[in-house]
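Data block below; observations after.
There are 2 protein chains.
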Amino acid sequence: MELALKELEEKGRAAKAASKKLAFLSTEIKNKALLNVAEALIDKQSEILAANRIDYEEAKASGMSEAMLDRLMLSPSRLEAISQDVETVAALPDPVGEIFEMRTLPNGLQIGKKRVPLGVIGAIYESRPNVTIDISSLCLKSGNAVILRGGKEAINSNSALAKVAQQACLNAGVPEGAIQFIESTERALVNHMLQMKGVIDLIIPRGGPELIKLISENAAMPVITGGVGVCHTYVDKSADLGKAVAIAYNAKVQRPTVCNALDCLLVHSQVAQTYLPSIAQEWAKAGVEMHCDEQALDILKPVSSLKLVPAVDGDWGKEFLSLTAAIKMVDSLDEALEHIEKYGSGHSEAIVTEDYSTAMRFLNEVDAACVYANASTRFTDGGQFGLGAEIGISTQKFHARGPMGLKELTSYKWIIYGSGQVRP
Amino acid sequence: MELALKELEEKGRAAKAASKKLAFLSTEIKNKALLNVAEALIDKQSEILAANRIDYEEAKASGMSEAMLDRLMLSPSRLEAISQDVETVAALPDPVGEIFEMRTLPNGLQIGKKRVPLGVIGAIYESRPNVTIDISSLCLKSGNAVILRGGKEAINSNSALAKVAQQACLNAGVPEGAIQFIESTERALVNHMLQMKGVIDLIIPRGGPELIKLISENAAMPVITGGVGVCHTYVDKSADLGKAVAIAYNAKVQRPTVCNALDCLLVHSQVAQTYLPSIAQEWAKAGVEMHCDEQALDILKPVSSLKLVPAVDGDWGKEFLSLTAAIKMVDSLDEALEHIEKYGSGHSEAIVTEDYSTAMRFLNEVDAACVYANASTRFTDGGQFGLGAEIGISTQKFHARGPMGLKELTSYKWIIYGSGQVRP
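Protein sequences, first through last, are from chains A and B.
Under our numbering, think of the first position of the first sequence as 65, with each following residue one higher.
Under our numbering, think of the first position of the second sequence as 65, with each following residue one higher.
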């Protein structure tokens, strides 16, 4: 344990030292390094897959669920996809060095902001090994050093991936120490990491709600939290019901296991009689189980082949991450807004309506990272929003909110060009 | 104590409730409220000054220093100045509701960001009662509710000022609860406040380094720290020595008690023989005491009428906040950069040079909120930078860096106008 702590501290120092050089690394070298990583992931796939095999067999033997095993598993095609993601990051504009808000003050001082990296990012994540490469490439491109702490289940996979990335970066001229990987799986190391203020400038947790809670409550440095999405779609009395079926279907079914999927459908009572059976039948075909309030249940009971369950209190404000949706009838926009304020997680919320003022009120009044009129909440994503890559989705208001790209891994400094000015 | 805790929790709830209404309050009402406050500060000055008199006499009797007594004291002219500051805030553009980065995606979605308040700001400050009005007016203009916790020494002044502001705001139609003032001076309340995550969205500490340290180490929510400025001015071998004298003189003497004042002068050895006596004689006239390294001491010893002290280790990296400066000779730009990296606090750093590449390297490589070429560090100020008002100067990289205005008291949300789009 003491050895592991010492190793962690050393890696922290090395990352800090590297970060000072990374801040000035040319875009050319960073991109060359990223392309090297992309290539190495293919070239070294037999080593990576062998390491992954060890993790997979151990996890299987210990009784890991199929869903979790699937998250853990790498394959040639998955490595190919990870490699392509790295190429995508290489192709993005370099955020570092961007000058903005430059202007000349009346006294002749030229003043503006210059974008700079944050420094050292700590990433704490669970079983998906692709995060190792994902976070490393985004940190490298944004000029940050990174300290990676992956899950125990994927330790061999993560270690192999980190080694490949480290070597590929070194070959391109990236300063040593830019990517640090913690080999020890001691749990206490996480707590120690969270106290390394002054070394780690930002912690990014990637994993389930428990991990995120643990980290955001205990980290001494800033944390970008997010990922928990309790998303509502409200079908207004003035909705185009065709659009409302398509949007709610897409929001629930297109990828039910992610944070921007629909959890709760709110339907205005004036259109429920017509709308609910239509969406329910479509959802039923996709296997969606519906947890309905009493009024919705009354309407849907006569419809055949539906998986209906009476909603319980715990269904409101629940992130299902599966083919399950809560359904609630409301009598007004105000009731919908109140429900969302009470139960939403501040992630993504949508209204379907053809009424202009209703749409505007919803967009104004809902306090969430992403608020939609007449579109699926599934669009909440860095790629979909045109940010190129995504480091995560922030549900906090500080620093960044919603999908975060490379720019959100940076800060700025004020630069001032004078010619001898003094303050009067 | 229990009563005080209950009062704090109630004020927290009231502030949270008010913040939801404040977010949609019209610019007109906010400005009317600010002008009411400005007027009331003059109309009610006898009450305010009477309250201040109580604090002043008590502080004096308890042996408070002259400097601190001066900070605590209000007068008709000081109230006039505070009132004018509030008018200035009223005249600034409203940051809330600004739409930016709006664009149309290839799928027809119109997507952009809308500026929104942060929610509830907690302000913890020491003896200067003007902060009560200062922070309240900035929070109101930016649509945030505020919970004020002032110093014990100024409790009567702060309470009187808060009451005036609260009533003036209510008269203009600002929702009740927007400005909360904690009447109890129990120390434990601060610790409790720092744990009110979910109620208080951001803590702003205003006071000495100890207060700031206490708060940034213990707050569960984000804190905007700053205020500690260990500022260097480096006079390069290629400096215009006339500019270098004017800049170093201004940076040290114009207002020595503030964070952006010069603490340490670094002088290239090639110009030290000429430059040091010139600046030292100017500084001496203003009463500056100079803590010199050995080489600087050798040069300055023969000059008459200087207050010279051999520098000790503790002089490097020290924020003097007085007419004291450390002086160190360096043999290169690199040595200056290393010294600044080791001892600077990331606030404001300046170079004086006529060499283009040297200036560029300094601007690029120094890691501080504000980096100057050929100007005085005294310019680091929201007003001087054209931000209108200043809530503080951040020396952290997260969210905001350097002088912070109204915009830095806001977040944003993504708003998306669709026409039925679903994710493919």
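Built from N, CA and C at the ideal position, the CB exists for glycine as well.
- If you check each beta-carbon in the region 337-366 of chain A against every beta-carbon of chain B, none falls closer than 7 Å.
- Boundaries of the beta strand (DSSP E) around residue 388 (chain A): 388-394.
- For residue 319 (chain A) and residue 367 (chain A), the gap between their C-alpha atoms comes out near 25 Å.
- Measuring C-alpha to C-alpha distances from residue 116 (chain A) to each of A:138, A:108 and A:107 identifies A:138 as the nearest.
- Annotated three-state conformation of residue 323 (chain A) is coil, per DSSP.
- Taking all protein chains in view, the Cβ of residue 467 (chain B) is crowded by 16 or more other Cβ atoms within 10 Å, so the residue is classified as buried.
- In the DSSP assignment, residue 92 (chain B) falls within the unbroken alpha helix (DSSP H) covering 91-107.
- Bounds of any alpha helix (DSSP H) do not take in residue 164 (chain B); it lies within the beta strand (DSSP E) bounded by 163-168.
- Residue burial annotation: residue 420 (chain B) is exposed, with fewer than 16 other C-beta atoms found within 10 angstroms of its C-beta.
- Boundaries for residue 269 (chain B): no alpha helix (DSSP H) harbours it, while the beta strand (DSSP E) harbouring it runs 266-270, taken from the DSSP string.
- In the DSSP assignment, residue 328 (chain A) forms a beta bridge with A:296 and A:390.
- Straight-line spacing of the CA atoms in residue 386 (chain A) and residue 98 (chain A) works out to 35 Å.
- By the criterion of a C-beta distance shorter than 8 Å, residue 112 (chain B) is surrounded in its chain by 105, 138, 143, 221, 224, 225 and 228, once the five residues flanking it on both sides are discounted.
- In the three-state reduction of the DSSP assignment, residue 249 (chain B) falls in the coil class, being assigned neither a helical nor a strand state.
- For residue 378 (chain B), the secondary structure class from DSSP, reduced to helix, strand or coil, is helix.
- Of all residues in the region 442-467 of chain A, those with a C-beta nearer than 9 Å to a C-beta of chain B are 442, 443, 444, 445, 448, 449, 450, 460, 461, 462, 463, 464, 465, 466 and 467, reading in chain order.
- Pairing residue 181 (chain B) with residue 147 (chain B) gives a Cβ-Cβ distance that is not under 8 Å.
- Sorting B:273, B:85, B:119 and B:217 by C-alpha distance to the C-alpha of residue 251 (chain B) places B:217 at the top.
- For residue 424 (chain A), the three-state secondary structure derived from DSSP is helix.
- Secondary-structure assignment with DSSP links residue 474 (chain B) through a beta bridge to B:181.
- A distance of 8 Å or more separates the beta carbons of residue 262 (chain A) and residue 81 (chain A).
- For residue 194 (chain B), the enclosing alpha helix (DSSP H) has its first and last residue at 194-205.
- Using a CB distance below 9 Å, the part of the region 474-487 of chain B facing chain A consists of 474, 475, 476, 477, 478, 479, 480, 481, 482, 483, 484, 485, 486 and 487, ordered along the chain.
- A Cβ-Cβ separation of about 7 Å places residue 233 (chain A) in contact with residue 101 (chain A) under the 8 Å criterion.
- For residue 332 (chain A), same chain residues with a beta-carbon under 7 Å away, outside a window of 5 residues either side, are 299, 300, 301 and 394 in chain order.
- Per DSSP, residue 232 (chain A) has no beta-bridge partner at all.
- Within chain B, no C-beta atom comes less than 7 Å from the C-beta of residue 158 (chain A); the nearest is roughly 15 Å away.
- Residue 390 (chain A) and residue 445 (chain A) have their C-alpha atoms some 23 Å from each other.
- Residue 434 (chain B) belongs to the set of residues whose beta carbon lies under 8 Å from a beta carbon in chain A.
- Cβ contact annotation for residue 286 (chain A) (same chain, cutoff 8 Å, sequence separation greater than five): 265, 266, 267, 462 and 463, in chain order.
- When DSSP reads this structure, residue 455 (chain B) sits in no beta bridge, so it has no partner.
- The beta carbon of residue 471 (chain B) does not come within 8 Å of any beta carbon belonging to chain A, so the residue lies off that interface.
- Within 9 Å of the CB of residue 109 (chain B), no CB atom of chain A is found; the nearest one sits about 30 Å away.
- When the beta-carbon positions are compared, residue 373 (chain A) and residue 358 (chain A) stay at least 8 Å from each other.
- At a cut-off of 8 Å between beta carbons, residue 282 (chain A) makes no contact with chain B.
- In the structure shown, residue 85 (chain B) falls within a helical segment according to DSSP collapsed to helix, strand and coil.
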